[in-house]
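For the sequence shown, position 182 (counting from the first letter as 1) is numbered 182 according to my numbering, and the numbering increases by one without interruption.
Here's the structure, in structure tokens; my notes come after.
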Amino acid sequence: MPRLKRFTIENGNYHILSRGHNKKEIFHSDADFKKYLQLLQTEKEKFNVKIYHYAIMSNHVHMISNSPDGNSLTSMMRRINQGYAQYYRKKYGGCGYVWQDRFKSFLIENGRYLLVSGRYVEINPVIAGIVKLPEEYKWSSYNVYAFSKQDAIIDFNPEYIGLADEDESRMRLYKDFAKNGIIEKERRSGERFFKDGVFGSNKFVEKLKMMGLKQTWSHSGHPWDKKNTEK
1 MPRLKRFTIE NGNYHILSRG HNKKEIFHSD ADFKKYLQLL QTEKEKFNVK IYHYAIMSNH
61 VHMISNSPDG NSLTSMMRRI NQGYAQYYRK KYGGCGYVWQ DRFKSFLIEN GRYLLVSGRY
121 VEINPVIAGI VKLPEEYKWS SYNVYAFSKQ DAIIDFNPEY IGLADEDESR MRLYKDFAKN
181 GIIEKERRSG ERFFKDGVFG SNKFVEKLKM MGLKQTWSHS GHPWDKKNTE K
């Protein structure tokens, strides 16, 4: 069965999700997390993709990114996932799949949607019950925004920059923003969230539909896709 073509737009914002095969754990040690981040830093620079936020969990990866075009995003993720799969098999043995199919990408509208998306990613370890506070999880970008931690991977979310003129005020506002990160509130407002393949206003979704985006079943894993298919 042909796979649906990934829908992309020029200079688009994306929530990227990669899962381990059968949702199995694929990061077992600090060295594994560091290897993935090393690959991410190398490939994002090569393909001119901006990484605004990330959270590397034991069996999946979340990122909020901006890509000049769809090809750059796809090429970056392919090289990262292939590189990590090679590393994983060499270290742990085996010859089967490391990743669950190809990565998923969901479009995000500019404005507050982009900042809410970053918050969603960075509080994921708290929601999962791994830590009580987002700053306790060291494999995410939260401390870059909340405590000015240095991280060469991160390109600052432009919406974060606009929170305040001074760094201290900006960090304080972001901490409060993260603490109040109740995602269900965003869902109840009538806007589409990640499970619908797009996060943005109804106007944004309708615009994308006019560009060729169509809705499929929400449980399919690719709920919003272009009408064309790829072999």
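Backbone N, C-alpha and C fix where the C-beta goes; we use that ideal spot for every residue, glycine too.
| Item | Value |
| --- | --- |
| For S75, three-class secondary structure by DSSP | helix |
| Span separating the alpha-carbon of I108 from that of M63 | 12 Å |
| Residue burial classification, A152 (beta-carbon count within 10 angstroms, cutoff 16) | exposed |
| Distance, I16 Cα to F103 Cα | 7 Å |
| Meets three-Cβ-pair contact criterion under 8 Å: the segment 50-64 and the segment 140-154 | yes |
| Contact the segment 88-107 vs the segment 39-54: 3+ CB pairs below 8 Å | no |
| Helix, strand or coil at I56 [DSSP, three-state] | strand |
| Extent of the continuous beta strand (DSSP E) run through R19 | G12 to R19 |
| Where the beta strand (DSSP E) containing I9 begins and where it ends | From DSSP, I9 is part of no beta strand (DSSP E); its letter is neither H nor E. |
| For N180, the three-state DSSP class (helix, strand or coil) | coil |
| Proximity to F106 [Cα-Cα], best of G83, V121, F156 and K35 | V121 |
| Beta-carbon contacts of R79 that lie in its chain and below 6 Å, excluding the five residues immediately before and after | E43 |
| Per DSSP, cross-strand counterpart(s) of W99 | G20 |
| Neighbour-count burial assignment, A146, 16 or more Cβ in a 10 Å radius | buried |
| Spatial neighbours of N157 in its chain, beta-carbon cut-off 8 Å, leaving aside the 5 residues before and after | Y52, H53, I64, L114, L115, G118 and Y145 |
| Coil, strand or helix - I80 by DSSP | helix |
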